[in-house]
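Residue numbers (my numbering): 5 to 278. Worksheet for the structure shown next.
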Amino acid sequence: MLSELMNQITILGSGTSTGVPQIACECLVCTSTDSKNKRLRTSIYIETSSGQNVLVDCTPDMRTQLLREKIKRVDSVVITHAHADHIHGIDDLRPMCFVQTQNIPVYTNQVTSAELKTRFPYIFLRDKQPGNNLVLGGGVPLLDLTTVPINTPVNIGSETFEFFELPHGRFTTMGFMHKKFAYVIDCHEIPADIIQRLKARQLDLLLIDCLKESSHQTHLTKDKSFNYAQEIGAKKTGFIHISHELEHHRLLAEAQKISPNYFPVYDSLKLSYA
Ligand SMILES: [Zn+2]
Ligand SMILES: [Zn+2]
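Structure representation (structure tokens):
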């Protein structure tokens with residue numbers, strides 16, 4: 005039983021940008037019948053102890069993910085960065101706006117804010133659309149963009165989040181801490197000052213990028229993820245954003261050789277933190 009004082013996370017998706025199975029691949033992981041090897045694109049849903057529901061990223065699988073988990077409310081959205089696997093489901097927030105009376109705030113950094121306005125002007129520049137914002141038919145998602153400061157506490161509803169930037173190839177992505185939880189995805193390394201801040205937080209739970217075995221220009225590989233997990237020292241560490249190169253049970257066994265508190269996450273898994 006989860007204590008009422010705990011915050012809960014649902015893993016909406018644990019897979020890399022292609023999802024697993026990957027289209028047209030017949031590898032052992034892609035053809036596995038084990039549900040833990042079926043990974044929709046990476047996203048999480050946080051239910052805070054104060055009753056705030058925060059969706060992190062809007063994947064192309066978002067509709068399926070929200071229906072599968074029977075999610076009825078999204079109080080706010082955090083977008084980590086503007087790659088397709090993190091934003092291309094955003095239009096499917098529209099039905100949330102049919103049932104919720106207030107616009108949904110979307111929090112992200114400056115670069116991603118600009119990118120969202122370019123890619124979805126009908127949502128994020130809706131006041132500037134022709135016809136005086138006259139919407140016909142089913143309308144548009146009523147999402148309000150807020151650019152967050154980096155490395156400074158930010159209030160989302162009654163909750164305090166702290167965002168930081170991580171290198172993701174030529175791009176950056178936004179990780180964050182909320183209470184005793186940290187989310188570190190889509191990065192190829194973690195700068196030393198951020199490692200220090202994560203360590204100092206004495207985390208209950210870390211979710212960290214873990215793409216594949218061999219080297220990669222934009223993501224953490226398995227060994228790098230394991231090393232960072234040990235440096236950061238959270239009570240529990242879950243590996244996420246996983247490709248078809250990593251089979252769930254094998255990755256679990258390898259992680260647990262290092263610590264019984266290390267594990268690959270899988271879709272629909274629920275986790276909690278103080
Ligand atoms: Zn991604
Ligand atoms: Zn495959």
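C-beta atoms are modelled at their ideal positions from N, C-alpha and C, and glycine is treated no differently. For clarity, every value in this text was computed on a predicted model and none was experimentally measured.
Using only alpha-carbon positions, find the residue among the options that is nearest to residue i.
{"i": "residue 194", "options": "207, 212, 183", "result": "212"}
{"i": "residue 234", "options": "209, 55, 250", "result": "209"}
{"i": "residue 292", "options": "218, 184, 27", "result": "Since the first residue of the chain shown is 5 and the last is 278, residue 292 is not available in this structure."}
{"i": "residue 274", "options": "27, 29, 52", "result": "52"}
{"i": "residue 178", "options": "63, 90, 248", "result": "90"}
{"i": "residue 199", "options": "174, 219, 220, 238", "result": "238"}
{"i": "residue 42", "options": "110, 50, 31", "result": "31"}
{"i": "residue 59", "options": "17, 29, 34", "result": "17"}
I need the DSSP call for residue i, collapsed to helix, strand or coil.
{"i": "residue 182", "result": "strand"}
{"i": "residue 277", "result": "strand"}
{"i": "residue 285", "result": "Lying before the first or after the last residue shown, residue 285 is absent from the chain, which here runs from 5 to 278."}
{"i": "residue 253", "result": "helix"}
{"i": "residue 222", "result": "coil"}
{"i": "residue 270", "result": "coil"}
{"i": "residue 171", "result": "strand"}
{"i": "residue 210", "result": "strand"}
Am I right that residue i and residue j are in contact with their C-beta atoms under 8 Å? What's the rounded C-beta distance?
{"i": "residue 145", "j": "residue 95", "result": "6 Å"}
{"i": "residue 226", "j": "residue 214", "result": "6 Å"}
{"i": "residue 87", "j": "residue 21", "result": "7 Å"}
{"i": "residue 114", "j": "residue 77", "result": "Not a contact, Cβ separation roughly 28 Å."}
Which residues are close to ligand 1, meaning CB closer than 6 Å to any heavy atom, in chain order?
21, 46, 87, 89, 90, 190, 245
What residues sit near ligand 2, counting only those whose C-beta is closer than 5 Å to one of its heavy atoms, in chain order?
26, 29, 31, 34, 248
May I have a chain-ordered list of the beta strand (DSSP E) segments no shorter than 3 residues that lie completely inside the region 10-87?
11-17, 47-51, 57-60, 80-82
Beta strand (DSSP E) segments (min. 3 residues) lying fully within the region 113-163
As far as the region 113-163 is concerned, its whole beta strand (DSSP E) runs of at least 3 residues are 147-151, 157-160.
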